[in-house]
């Protein structure tokens, strides 16, 4: 698969690039070509230190990344979502978009989920893109630190919400390519709010209990 | 501690009774004396099959259970909450109440969290009881089946939300008495909605993915 990764919110995007680069073609997207190239080089460096396998990473501007991709990972902050979609809209044809976006804001020392009028960031994104584009919500509840550390053994569940069954199936298959992550079907896109809202909940929980970045496992 | 357990929604109440009976005094409450006695006997039978240790369980009407307790576990369905509180209100003096209540309803084949106007069932309960009574929300995201099976090895996290710090501390200590459950501080009672809403989410997730009853572990 050709996977465009746009934005690196909380470094989940970076972690996914590193974990998929052995098997898929990774296209790092950024607003600036130079920044995309920088990221590509730093990711390649990490991969070279960890494997002798061939990895396929490139770095280009967001619109070019999207034009070349089958799957588009959107990992930008919520406030950048609308302008990102505006910039890539003309290049959306039949890709699947995966939303990692979480609308949240600081309240005292903790984070609070700010539910968009459409119910979730993923549902809002779905309204912003052409009808043919399948939108799936996933990867909100992982530890980016562990995902980025290729020596770290993962043991997480990733809940995948989406109303386009074909799109969801593709994303579930991509998740199965990462050792130690079990994809779980979370139902339609109308269920995305709860997995988005778990992100600030997990961050606050870690902070309150002096724990490292938390992911989730259903047992 | 003298722990009153009122109601057995999803059998979490039963599981807690069985797991605590070795160490604490358990008072099973029910609307009817005869039903409370029946439950007491059936729990004692299970405990006798599993241990030679002395266990202390009694079964009485809800109001008597509350009058005799330090901690009151409220595990009734949401629709029974108001009338339960009405019946025990005169006997509330300085107990700590632990709410396991989850307002949810069926929608097609799945469950949906129905958020009360007060934000959560626990927050609503807090408004219904005398000011001096500490209310804590906990035990929403456990597998009742595993909790009730004393041979089952547990490995769960229980998030505890409550704004009364002393009350929350007591509940956290009680959770530490159950092997395999780690209590985590979830902050104030205003955070109870997310742990309540995780209950239908987990039930739906299990159903969609053909899994057994799910609990949660933060890793």
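Protein chains in written order, with the numbering used here: chain A, 582 to 800; chain B, 582 to 800. Think of the CB as a built atom: it goes at the ideal place given N, C-alpha and C, for glycine as much as any other residue. Bear in mind the structure is a predicted one, so any value in this text is a computation, not a measurement.
Kindly indicate the opening and closing residues of the alpha helix (DSSP H) around residue i.
| i | result |
| --- | --- |
| residue 631 of chain A | 614 to 631 |
| residue 781 of chain B | 773 to 789 |
| residue 594 of chain A | 593 to 601 |
| residue 666 of chain B | 662 to 669 |
| residue 729 of chain A | 725 to 729 |
Just verifying my parser: in three-state terms, what is the DSSP assignment at residue i?
| i | result |
| --- | --- |
| residue 713 of chain A | coil |
| residue 720 of chain A | coil |
| residue 643 of chain A | helix |
| residue 682 of chain B | coil |
| residue 750 of chain B | helix |
| residue 634 of chain B | coil |
Give every residue of the same chain whose Cβ lies closer than 6 Å to the Cβ of residue i, excluding the five residues on either side of it in the sequence, and list them in chain order.
| i | result |
| --- | --- |
| residue 600 of chain A | 759 |
| residue 743 of chain B | 717, 749 and 770 |
| residue 706 of chain A | 680 and 716 |
| residue 598 of chain A | 586, 607 and 624 |
| residue 725 of chain A | 591, 592, 593 and 596 |
| residue 694 of chain B | 685, 778 and 781 |
| residue 646 of chain B | 585, 608 and 610 |
| residue 733 of chain A | 727 |
| residue 677 of chain A | 652, 715, 748 and 751 |
| residue 618 of chain A | 640 |
| residue 800 of chain B | none |
Could you tell me which residues DSSP puts in a beta bridge with residue i?
| i | result |
| --- | --- |
| residue 701 of chain B | Note: residue 701 of chain B sits in no beta bridge, so no partner. |
| residue 798 of chain B | A:798 |
| residue 688 of chain B | B:691 |
How would you write the range of the beta strand (DSSP E) that residue i sits in, first residue to last?
| i | result |
| --- | --- |
| residue 611 of chain B | 606 to 611 |
| residue 762 of chain B | 762 to 766 |
| residue 653 of chain A | 652 to 655 |
| residue 585 of chain B | 583 to 587 |
| residue 737 of chain A | 737 to 743 |
| residue 694 of chain A | 691 to 694 |
Which same chain residues end up closer than 7 Å to residue i when comparing Cβ atoms and leaving out the 5 residues on each side of it in sequence?
| i | result |
| --- | --- |
| residue 713 of chain B | 675 |
| residue 668 of chain B | 643 and 644 |
| residue 700 of chain B | 771 and 774 |
| residue 697 of chain B | 684 and 705 |
| residue 764 of chain A | 739, 741, 753, 756 and 757 |
| residue 808 of chain A | Coverage of chain A is limited to positions 582 through 800, which leaves residue 808 of chain A absent and any answer about it impossible. |
| residue 767 of chain B | 740, 741, 742 and 776 |
| residue 657 of chain A | 587, 588, 590, 665 and 682 |
| residue 723 of chain B | 593, 737, 739 and 796 |
Quick one: residues in its chain with C-beta nearer than 8 Å to the C-beta of residue i, no 5 flanking neighbours on either side, listed in chain order?
| i | result |
| --- | --- |
| residue 583 of chain A | 605, 606, 608, 649, 650, 651 and 652 |
| residue 785 of chain B | 691 and 692 |
| residue 710 of chain A | 666, 670, 673, 678 and 716 |
Using 7 Å as the cut-off, classify the Cβ of residue i as near or not near the heavy atoms of the ligand PLP, replying yes or no.
| i | result |
| --- | --- |
| residue 595 of chain A | Ligands are entirely absent from the displayed structure, and the ligand PLP is therefore not among its contents. |
Could you name the residues of the segment 755 to 769 of chain B whose beta carbon sits closer than 8 Å to any beta carbon of chain A, in the order they occur along the chain?
Of all residues in the segment 755 to 769 of chain B, only 765, 766, 767 and 768 place a beta-carbon less than 8 Å from a beta-carbon of chain A.
Closer than 7 Å, Cβ to Cβ, to anything on chain B: give me those residues from the segment 787 to 799 of chain A, in chain order.
Legend: CB atoms of the segment 787 to 799 of chain A lying less than 7 Å from CB atoms of chain B belong to residues 789, 790, 795, 796, 797, 798 and 799.
Quick one, which residues of the segment 705 to 720 of chain B are near chain A if we go by CB-CB under 7 Å, in chain order?
Taking 7 Å as the upper bound on Cβ-Cβ separation, chain A lies near no residue of the segment 705 to 720 of chain B.
Using a Cβ-Cβ cut-off of less than 8 Å, list which residues of the segment 730 to 752 of chain B approach chain A; keep chain order.
Listed in sequence order: 736, 737 and 740.
Positions along the segment 590 to 620 of chain B whose CB lies within less than 7 Å of some CB in chain A
Hits within the stretch: zero.
Looking at chain B, which residues of the segment 770 to 781 of chain A have a Cβ within less than 7 Å of any of its Cβ atoms?
Answer in chain order: 775 and 778.
Could you name the residues of the segment 675 to 692 of chain B whose beta carbon sits closer than 9 Å to any beta carbon of chain A, in the order they occur along the chain?
Taking 9 Å as the Cβ-Cβ cut-off against chain A, the residues of the segment 675 to 692 of chain B that qualify are 691.
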